[in-house]
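Going line by line, the protein sequences match chains A and B.
All letters in the first sequence, in the order written, are residues 1 to 611 by our numbering.
All letters in the second sequence, in the order written, are residues 1001 to 1313 by our numbering.
By construction, the Cβ of each residue, glycine as well, lies at the ideal position given by its N, Cα and C atoms.
Bear in mind the structure is a predicted one, so any value in this text is a computation, not a measurement.
Heads up: the structure comes next, in structure tokens.
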Amino acid sequence: MTEPLLPTGPAAVAATPGRAGIMRRVLRNPMAVGALAVLALVVLGAILAPLLSPWDPDRADLAQVFAPPFGEHLLGADSAGRDILTRLLTGAQVSLIGAVIALVVALAIGIPTGLVAGYYQGWFDSISNWLASLIMAMPGLIVLLAMISVIGSGMVGVMGTFGVLLSPGVFRLTRSGVISVRNELYIDAARVSGLSDLRIIARHVFGVVRAPLVIQASMMAGIAIVLQAGLQFLGVGDSLTASWGQMLNDAFTNIYVAPTMLLWPGLMIGITVGALAIFGSALRDTVQGSEALKRVKRPRIAAGDVLPSTAVLRTIDEPIAFGATELVDPVEALLVVSDLRVGYPQASGDTTVVVNGVSLHVNRGEVLGLVGESGSGKSQTAFSILGLLPDNGRILSGSIHFNGAQIASASGAARGADRLRGSGIAYIPQEPMSNLDPCFTLGFQLVEPMRRILKLSRQDAKKRAIELLDRVGIADPERTFNAYPHEVSGGMAQRVLIAGAVSCDPQLLIADEPTTALDVTVQAEVLDVLRSLQQERNMGMIMVTHNFGVVADICDRVAVMQTGRLVEQEDAVVLFGAPQHAYTKMLLGSTLEDTAARAPLGTTRTRLGAR
Amino acid sequence: MVIFLLRRLASAVVLVFVIATITFLLMSITGGDPARNILGEGATADQVAAKAAELGLDQPIPVRYVDWLGAAVTGDFGRSWFTNEPVMSSLANKFPVSLSIVVTAIVVTALLSAVLGVTAAVKRGWIDRFVQMFAVLGFALPNFWVALVLVTIFAVNLKLLPATGYVPFATDPWRWGLGLVLPVAALVVGTIASTAQQVRGATIDVLRQDYVRTLRSRGISKRSLLFRHVLRNAAPPALTVLSLQFVGLLGGAIIIEKVFALPGIGNLAVSATLQGDLPQILGLVVVMVVLVVIVNLVIDLATGWLNPKARVS
């Protein structure tokens, strides 16, 4: 887990290939197309109002007061005998123009200020940020009412003011988008190649915020339409032309006489604003979806296919056969994984296989190194054993036995890992800081599992926690016990996580690159702690790592993984002396300093996106 | 924690002061000729001048500003130009009505959207789709239209609930509550829709965090994981949304009060707007901003209490 799963905010769009691509993909989304069609109809209706309906929107006819629908007037007439349909279409004009005014003002203020504040930062950023929070703290409707009392109820002024009130949203969105990319390498490259700031902002930076801005704009247009109708309903809007809010006001006055008059303007507002909202969220889904697609760069195989080993996994040599041939002593074996396949079903119906037929075992008191580059499936294997695959991850075939009992299988029937976590199998994560709950003290996080699993009293659990903290080499256990995660260093946090993992006397410890995120000096200390704990308690251990130094230091046996497969499994001493598989040789070659320069990577995949 | 509190308090005071100043200057500079407006077209120039002098409008704007601010600090916003009632006393009469609606609405919103949002994030399935669809619906339907429909159904046709009127809590709590049902229901449709979706998003974000997986690996109970760890971490963004909803509800209440003929600030605000009653509007704006600032302060404190890391920043 070296990267967050889903980036939020505009950064998500940054790396998306083509902007035109997004628009094209949106148009393949039926929801978005439907919403756009509805909006187009509303716009057309507003433009063609005089052609669609023969009536004058303001012509009163006392003979037609409250005329029912489907008579002379298609939707009936209102309290002054005016044609409702015509007034609806005229109202659409008012609403659309009002929304456009608000949008234009909000974007015209928010985008330039956001771009400048985000790109140059400094004093302008501080001041504009402060102004934005100032505007956001103002109760909008009251401010508008105050403005109307000063400048009158003309639509341009009112909706323009509302645009100002909306602009902080645009400003913040633009600014955060720009900040997320301003230090990216391609921006630096553009700067070095001599492009002016203006060109860089226009070409590279603005592209990043475009899609989020369209989403935001569709939402703001909806808000503006509703707000304008609210003002008209209150009777403080522009009273000269027919509008949806005014029609609702008329309906309200006559609610006992002609309640159905409520329906039409309400429907029009609902449909228009709803279409805007649906378009916005469809666009958001498309933007995030394209990002999600980008991130999945793993071999894709249709579900249920029998896998020819060469089709997907381009290994260098013939893979050495494992699985059925592996010799497992049933008494000594603590954990047995047989022919495990793990995959992620995709929306398209395919399944992305990340672990492909892995078989391994760990004996009591033995340390197994699980080695491979990022994306080779070692973490996925570890999470399968823990029963902690992400929600959409599936065990496709194979089984996992712990102490002779099946704890996982493809059918999902055996969910034994749920009961074993903490007490039987424990886990030490890679990144210490992100693996501690920031809202609770370290002590609380240590005590909680012990109270549940070991049934200790609060005092006993605390005593044991402090002993454990002392055992993993923390100088002032009492203070650390009461500290929050952000108050300790990464090395300390990792020690706390180790203490937590062993707190309930597990038989198997799964350590997922436990030293990768630490300073070199701290790495050695943490490994020492791990090794001594393992030996003292005779725990089985799986050490997931890509570092052969760690392997040499601590492991009894080594299993090497590449693109989801196990390519070699051997005693550590034997493996270091005579690696069989070319991939292992390559990995070793890239670690040891006194060997010849390594061979080119050849067909081996490089970075596959960590999971 | 004390420093955190003091800093927030100081910036809140500055915020109120700045907004009050901006509003005052904007309205005084662009305000036209209020004395003429008050007296009508028929008044003579002398009468208008006398009225202007009476209201202090003959003074230069900086002097008027200092006068106004000096009084406002003591809670005196002057008298309405039209009713001659002290602004503070009319606000004191009207605010309890509006606040009962808004506070009830915000409590209902917080409770229901927490339940809906968290359930949608954890269970997914139909309730998740419902929350997402409801979000669009609540966004698209103006709350005053929902109010009108509710009045038509429950008050006009079914005659189950009162359509109009307000009974103070002290007079009759039961009828006070009954009168709030429809206004609050109309207001919360939109706020629940958007807040529930935000809660859902925040919860899903937390569920994806590494520490949630690590906590699960320790074998703690599902209930503790969800109610202790996930909810606490998801609460700060949800609270921020809730504070924005509060600002929105203050505006929404103004419109809703018209539908239900409630004697809150809505009517006051609209008539002051139409008349150009400067002291009244200024008073309203300042009190509103103070309210918003107080709510934001409370939310900040709650966030700091929930998330120890926020206390230092």
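* Residues from the segment 405–439 of chain A in contact with chain B, defined by Cβ distance under 7 angstroms -> With the criterion set as a beta carbon lying under 7 angstroms from some beta carbon of chain B, the members of the segment 405–439 of chain A are Arg-421, Gly-422, Ser-423, Ala-426, Tyr-427, Pro-429, Glu-431, Ser-434, Asn-435, Leu-436, Asp-437, Pro-438, Cys-439, in sequence order.
* To do: Pull up the distance between the alpha-carbon of Ala-1020 (chain B) and that of Val-1087 (chain B), whole angstroms please.
  => Along the second sequence, one-based indexing puts residue 1020 (chain B) at 20. Along the second sequence, one-based indexing puts residue 1087 (chain B) at 87. In this model, Ala-1020 (chain B) and Val-1087 (chain B) are separated by some 15 angstroms (Cα to Cα).
* Could you tell me if Tyr-583 (chain A) is buried or exposed, where buried requires 16 or more neighbouring beta carbons within 10 angstroms of its beta carbon? => Here residue 583 (chain A) refers to the residue found at position 583 of the first sequence. Residue burial annotation: Tyr-583 (chain A) is buried, with at least 16 other C-beta atoms found within 10 angstroms of its C-beta.
* Asked: Checking contacts by CB at 9 angstroms: is Ala-99 (chain A) closer than that to chain B?
  -> Within the first sequence, numbered from 1, the residue matching residue 99 (chain A) stands at position 99. At least 9 angstroms separates the CB of Ala-99 (chain A) from every CB of chain B.
* To do: Could you tell me which uninterrupted beta strand (DSSP E) segments, each at least 3 residues in length, are contained entirely in the segment 96–131 of chain A, listed from first to last along the chain?
  => Taken in chain order, the segment 96–131 of chain A contains no complete beta strand (DSSP E) segment of 3 residues or longer.
* **CA nearest to the CA of Gly-230 (chain A), picked from A:Leu-141, A:Pro-69, A:Leu-276, A:Asn-183** => Along the first sequence, one-based indexing puts residue 230 (chain A) at 230. Of A:Leu-141, A:Pro-69, A:Leu-276, A:Asn-183, the residue nearest in Cα terms is A:Leu-141.
* **Cutoff 9 angstroms: Cys-555 (chain A) Cβ touching any chain B Cβ** => For this step, residue 555 (chain A) is matched to residue 555 along the first sequence. Not one beta carbon of chain B lies nearer than 9 angstroms to the beta carbon of Cys-555 (chain A).
* State yes or no: is the beta carbon of Asn-1307 (chain B) nearer than 9 angstroms to at least one beta carbon in chain A? => Residue 1307 (chain B) sits at position 307 when you count from the first residue of the second sequence. At least one CB of chain A lies nearer than 9 angstroms to the CB of Asn-1307 (chain B).
* **Stretch pair the segment 211–222 of chain A + the segment 181–196 of chain A: three plus CB contacts closer than 8 angstroms** => Verdict: no, contact absent.
* Complete beta strand (DSSP E) runs within the segment 395–452 of chain A (minimum length 3 residues, chain order) -> For the segment 395–452 of chain A, whole beta strand (DSSP E) runs of length 3 or above, ordered along the chain, are 405–409, 425–428.
* **Three-state secondary structure assigned by DSSP to Leu-263 (chain A)** => In the first sequence, counting from the first residue as 1, residue 263 (chain A) sits at position 263. Leu-263 (chain A) sits in a helix when the DSSP states are folded into three classes.
* Asked: Hey, quick one: how far does the alpha helix (DSSP H) through Pro-514 (chain A) stretch, first residue to last?
  -> Here residue 514 (chain A) is taken as the residue at index 514 of the first sequence, counted from 1. It is not in any alpha helix (DSSP H) - Pro-514 (chain A) carries neither H nor E in the DSSP assignment.
* Asked: Can you name the residues that DSSP bridges to Leu-566 (chain A)?
  -> For this step, residue 566 (chain A) is matched to residue 566 along the first sequence. According to DSSP, Leu-566 (chain A) bridges with A:Met-561.
* Using alpha carbons as the reference points, say which of A:Val-529, A:Gly-235, A:Val-551, A:Ala-493 lies closest to Thr-441 (chain A). => Along the first sequence, read from residue 1 onward, the residue named residue 441 (chain A) stands at position 441. Minimum Cα-Cα distance from Thr-441 (chain A) among the listed residues A:Val-529, A:Gly-235, A:Val-551, A:Ala-493 corresponds to A:Ala-493.
* At what residues does the beta strand (DSSP E) containing Tyr-344 (chain A) begin and finish? -> Counting from one through the first sequence, the residue named residue 344 (chain A) turns up at place 344. That run of the beta strand (DSSP E) goes 333–345.
* Asked: How should Ser-457 (chain A) be labelled, buried or exposed, when 16 other C-beta atoms within 10 angstroms of its C-beta is the threshold for buried?
  -> As a first step, residue 457 (chain A) is located in the first sequence; it is residue number 457 there, counting from the start. Here Ser-457 (chain A) is exposed: its Cβ has fewer than 16 other Cβ atoms, across all protein chains shown, within 10 Å.
* **Closer than 9 angstroms to chain A by CB, Tyr-1065 (chain B)** => For this step, residue 1065 (chain B) is matched to residue 65 along the second sequence. It does not: the Cβ of Tyr-1065 (chain B) has no partner Cβ on chain A nearer than 9 angstroms.
* Under 6 angstroms Cβ to Cβ from Ala-1196 (chain B), same chain only, skipping five residues before and after it: list those, please. => By 1-based counting over the second sequence, the position of residue 1196 (chain B) is 196. Within the same chain, Ala-1196 (chain B) has close Cβ partners Ser-1113, Leu-1116, Gly-1117, Val-1131.
* **As assigned by DSSP and simplified to three states, the class of Gly-1138 (chain B)** => What you label residue 1138 (chain B) is simply residue 138 of the second sequence in a count that begins at 1. Note: Gly-1138 (chain B) maps to helix in three-state DSSP.
* Is the shortest distance between the beta-carbon of Val-1002 (chain B) and the beta-carbons of chain A less than 9 angstroms? -> The count along the second sequence starts at 1 and reaches residue 1002 (chain B) at position 2. Cβ-Cβ to chain A under 9 angstroms: no for Val-1002 (chain B).
* **Segment limits, beta strand (DSSP E) that includes Gly-357 (chain A)** => As a working mapping, residue 357 (chain A) is identified with position 357 in the first sequence. DSSP places Gly-357 (chain A) in the uninterrupted beta strand (DSSP E) bounded by 350–363.
* Give a yes or no on whether the minimum CB-CB distance between Gln-1275 (chain B) and chain A is below 9 angstroms. => By 1-based counting over the second sequence, the position of residue 1275 (chain B) is 275. At least one chain A Cβ lies under 9 angstroms of Gln-1275 (chain B).
* Pairwise C-alpha distance: Thr-1171 (chain B) and Pro-1096 (chain B) -> The residue given as residue 1096 (chain B) occupies position 96 in the second sequence. The residue given as residue 1171 (chain B) occupies position 171 in the second sequence. One C-alpha to the other measures close to 14 angstroms.
* With 9 angstroms as the threshold, decide whether the Cβ of Gln-1059 (chain B) is near any Cβ in chain A. => Reading the second sequence from its first residue, position 59 is the one you call residue 1059 (chain B). Taking 9 angstroms as the threshold, the shortest C-beta distance from Gln-1059 (chain B) to chain A does not fall below it.
* **DSSP state of Pro-1096 (chain B) mapped onto helix, strand, coil** => By one-based count along the second sequence, residue 1096 (chain B) stands at place 96. In the structure shown, Pro-1096 (chain B) sits in a helix (DSSP, three-state: H, G or I).
* Asked: Nearest chain B C-beta to Val-472 (chain A) closer than 9 angstroms, yes or no?
  -> Translated into the one-based positions of the first sequence, residue 472 (chain A) becomes position 472. It does not; no Cβ of chain B falls within 9 angstroms.
* Asked: From the DSSP output, which residues share a beta bridge with Val-1156 (chain B)?
  -> Sequence index remark: in the second sequence, residue 1156 (chain B) carries index 156 (1-based). DSSP output for Val-1156 (chain B) lists no bridge partner at all.
* Asked: Is the shortest distance between the beta-carbon of Phe-1144 (chain B) and the beta-carbons of chain A less than 9 angstroms?
  -> The residue you call residue 1144 (chain B) lines up with position 144 of the second sequence. Judged by the 9 angstroms Cβ criterion, Phe-1144 (chain B) is in contact with chain A.
* N- and C-terminal bounds of the alpha helix (DSSP H) containing Val-544 (chain A) -> Position 544 of the first sequence holds residue 544 (chain A). Per DSSP, Val-544 (chain A) belongs to no alpha helix (DSSP H); it is in the beta strand (DSSP E), 540–545.
* Asked: Candidates A:Asp-61, A:Glu-448, A:Leu-267: which alpha carbon is nearest Leu-1141 (chain B)'s?
  -> Residue numbering aside, residue 1141 (chain B) sits at position 141 when the second sequence is read from its first letter. With distances taken between Cα atoms, Leu-1141 (chain B) lies closest to A:Leu-267.
* **Within-9 angstroms CB hit, Pro-449 (chain A) to chain B** => Within the first sequence, numbered from 1, the residue matching residue 449 (chain A) stands at position 449. Pro-449 (chain A) counts as touching chain B.
* **6 angstroms Cβ shell around Gly-304 (chain A) - same chain, five flanking residues per side excluded** => Position 304 of the first sequence, counting from 1, holds the residue named residue 304 (chain A). Low confidence applies here, because Gly-304 (chain A) scores a pLDDT of 38, under 50, leaving its location unreliable and the question unanswered by this model.
* Who are the Cβ neighbours of Trp-1176 (chain B) in its own chain at under 6 angstroms, not counting the five residues just before and after it? -> As a position in the second sequence, residue 1176 (chain B) is number 176, starting the count at 1. For Trp-1176 (chain B), the CB contacts under 6 angstroms within the same chain, skipping 5 residues up- and downstream, are Val-1167, Phe-1169 in chain order.
* To do: Return no unless some Cβ of chain B is closer than 9 angstroms to the Cβ of Gly-609 (chain A).
  => One-based indexing of the first sequence puts residue 609 (chain A) at position 609. Here the model assigns Gly-609 (chain A) a pLDDT of 38, short of 50, so the residue's position is not dependable, and the following value carries that caveat. Answer no: the Cβ-Cβ gap between Gly-609 (chain A) and chain B never drops below 9 angstroms.
* To do: Just confirm the distance between the C-beta atoms of Gly-443 (chain A) and Ala-465 (chain A), as a whole number of angstroms; I'd bet it's less than 8 angstroms.
  => The sequence position of residue 443 (chain A) within the first sequence is 443, counting from 1. The sequence position of residue 465 (chain A) within the first sequence is 465, counting from 1. Contact between Gly-443 (chain A) and Ala-465 (chain A) holds, since their C-beta atoms are separated by about 6 angstroms, short of 8 angstroms.
* Asked: If the cut is a Cβ gap below 8 angstroms, which residues of chain B does Pro-345 (chain A) touch?
  -> Stepping through the first sequence from its first residue, residue 345 (chain A) is reached at position 345. Contacts between Pro-345 (chain A) and chain B, judged by CB atoms closer than 8 angstroms, are missing: the closest CB pair is about 15 angstroms apart.
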